[in-house]
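Peer 1: What follows is a structure written as structure tokens; I'll ask about it next.
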Amino acid sequence: MTALVIAEHDNASIKGATLNTITAAIACDGDVHVLVAGHNAGAAAAAAAQIAGVSKVLHAEDASFEHGLAESVAAQVLAVASSYGHILFPATASGKNIAPRVAAKLDVAQVSDISKVDSPDTFERPIYAGNAIATVHSADAIKVITVRTTGFDPAAATGGSAAIDTVAAATGDGKSTFIGSEIAASDRPELTAAKVIVSGGRALGSGEKFTQLMIPLADKLGAAVGASRAAVDAGYAPNDWQVGQTGKIVAPQLYVAVGISGAIQHLAGMKDSKVIVAINKDPEAPIFGVSDYGLVADLFDAVPELTKSL
């Protein structure tokens, strides 16, 4: 049967995580449809139709979809679910909010956070903070899946010519409403989509030192800024910068870890990065076990010198 990908979008464009999810869907089933549920989201639907590998876009319009409320989007997915063998969501905050509702209503077991498709009914997913890989076989008629986006290359955003079908909106019970949002504005790349990330750990000693050392380095590299859980817990960096099992999962082209020891929780979030550079004065730090390049040095000397030389 056909696979359905639930698009993440801002009503004007498709978010990057959707492209990775489409690649996973193609591996499940060669025929892939994309659902764009939004408000005044014609531009997002048109963008979805241009994605390589997509054969059809389902476009549902309703004011209740404007902010992606889980209850509303789940109702729309359920309205079309019977036509599909696989329903895939990015394993983002939004996808992980909607997918369990869909799986529960369909009375099927959700397959979470897959990193590889072995066959249409068999998938791989990391467990124990990424230290082991579980192979999961699903016998359900409809497979509800969340996709670890770092495990799949993004589909090409252009080159496709899918048909766009308008479908009737199914908006749910209306028990949830959007009140407002407070979004921090930044000129930097979004952490999960950045090609270069510089991350700081508790060894930086204070929020002031974190800003003083990490921001200029990030500026030179055009990088997003991340942090270990210890640095976030200590108040050096905001929560949305946290990389790790309980933070954001990233896989940039370059990951620079500064003053990060390499606890399992942090490694689970970044060890799939293409090139890892570690700076730490402890030669026995676990971070060196996964790094491609390691510098054993005092970060307070090494980072300014590195920034100056770039």
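In this text, residue positions in the sequence shown follow our numbering: the first is 1, and each later residue adds one. Idealized CB from N, CA, C, for every residue including glycine. Small disclaimer: the values here were computed from a predicted structure and weren't measured.
(1) Can you look up H266 in the DSSP assignment and give me helix, strand or coil?
(2) Have a look at A237, L213 and I276 and flag the residue whose alpha-carbon is nearest the alpha-carbon of A302.
(3) Roughly how far, in whole angstroms, is the beta-carbon of I279 from the beta-carbon of S261, given that I think they are within contact range, below 8 Å?
(4) Kindly identify the DSSP beta-bridge partner or partners of G226.
(5) Roughly how many angstroms lie between the CA atoms of P154 and A52, to the nearest whole one?
(6) How many whole angstroms separate the CB atoms of A227 and G207, which I take to be in contact at a CB cut-off of 8 Å?
(7) I'd like the span of the beta strand (DSSP E) that includes D219, first residue to last.
(8) According to DSSP, simplified to helix, strand and coil, what is F123?
(9) Is any non-hydrogen atom of the ligand ATP found closer than 7 Å to the C-beta of V111, if you look at the structure I gave you?
(10) Tell me, which residues are paired with T146 by DSSP?
(11) DSSP three-state call for S72: helix, strand or coil?
(12) Grouping DSSP H, G and I as helix and E and B as strand, with all else coil, what is E305?
(13) Quick check on G30: buried or exposed, where buried means 16 or more other Cβ atoms within 10 Å of its Cβ?
(14) When you compare only the Cα positions, how much space is there between V275 and L299?
(15) For the region 117 to 127 against the region 39 to 50, do three or more pairs of beta-carbon atoms, one drawn from each stretch, fall closer than 8 Å, so that the two count as touching?
(16) What's the C-alpha gap between F152 and G269?
(17) Am I right that E71 and G172 are in contact with their C-beta atoms under 8 Å? What's the rounded C-beta distance?
(18) Since I believe I164 is in contact with H59 (beta carbons under 8 Å), could you give me their beta-carbon distance rounded to a whole number of angstroms?
(19) Please name the residue in T149, L306, A103 and G180 whose C-alpha comes closest to that of V256.
(20) For N131, count neighbouring Cβ atoms within 10 angstroms of its own Cβ and tell me buried if that reaches 16, exposed if not.
(21) Which term fits E61, buried or exposed, when burial requires 16 or more other beta carbons within 10 angstroms of its beta carbon?
(22) Would you say the region 31 to 44 touches the region 129 to 148, given that touching needs at least three Cβ pairs under 8 Å?
(23) From G95, G159 and Q265, pick the residue whose C-alpha is nearest to that of Q242; which is it?
(24) Could you pull out every residue in the same chain whose Cβ sits closer than 6 Å to the Cβ of V112, ignoring the five residues on either side in sequence?
(25) From A44 to S13, what distance separates their C-alpha atoms?
(26) Quickly, what does DSSP pair D165 with across the bridge? List them, please.
(27) Should F123 and V136 be called a contact, given that it needs their Cβ atoms to be closer than 8 Å?
(28) For my contact list, R188 and A231 are in at a C-beta cut-off of 8 Å; report their separation, rounded to the angstrom.
Peer 2: According to the data block:
(1) Judged by DSSP in its simplified three-state form, H266 adopts helix.
(2) The shortest Cα separation from A302 among A237, L213 and I276 belongs to L213.
(3) Going by Cβ atoms, the distance from I279 to S261 rounds to 12 Å, so no, they are not a contact pair.
(4) Looking at the DSSP assignment, G226 forms a beta bridge with S199.
(5) Inter-residue distance for P154 and A52 is about 10 Å (C-alpha atoms, whole angstroms).
(6) Your pair A227 and G207 does not check out as a contact, with CB atoms roughly 10 Å apart and the cut at 8 Å.
(7) Where D219 is concerned, there is no enclosing beta strand (DSSP E), although the alpha helix (DSSP H) it sits in stretches over G207 to L221.
(8) Three-state DSSP puts F123 in a strand.
(9) The model depicted lacks the ligand ATP and carries no ligand whatsoever.
(10) Beta-bridge pairing links T146 to F89.
(11) S72 falls in the helix class under three-state DSSP.
(12) DSSP places E305 in helix when its eight states are reduced to three.
(13) The residue in question, G30, is exposed, as its Cβ has fewer than 16 Cβ neighbours within 10 Å.
(14) Distance between the alpha carbons of V275 and L299 is about 19 Å.
(15) Output reads no: the region 39 to 50 does not touch the region 117 to 127.
(16) Each residue's alpha carbon lies about 15 Å from the other.
(17) About 5 Å separates the Cβ atoms of E71 and G172, confirming a contact at the 8 Å cut-off.
(18) The C-beta distance from H59 to I164 rounds to 6 Å, short enough to fall under 8 Å.
(19) Ranking the options by Cα distance to V256, first place goes to L306.
(20) That one is exposed.
(21) Within a 10 Å sphere around the beta-carbon of E61 sit 16 or more other beta-carbons, which makes this residue buried.
(22) As far as the Cβ criterion goes, the region 31 to 44 does not touch the region 129 to 148, which means the pair count is below three.
(23) Measuring C-alpha to C-alpha distances from Q242 to each of G95, G159 and Q265 identifies Q265 as the nearest.
(24) According to the sequence provided, residue 112 is Ser. The question's Val does not apply to it. Cβ contact annotation for S112 (same chain, cutoff 6 Å, sequence separation greater than five): T146, in chain order.
(25) A44 and S13: Cα-Cα distance of roughly 4 Å.
(26) Secondary-structure assignment with DSSP links D165 through a beta bridge to L58.
(27) For F123 and V136, yes; Cβs fall inside 8 Å.
(28) Actually they are not in contact, since the Cβ atoms of R188 and A231 sit about 17 Å apart, beyond 8 Å.
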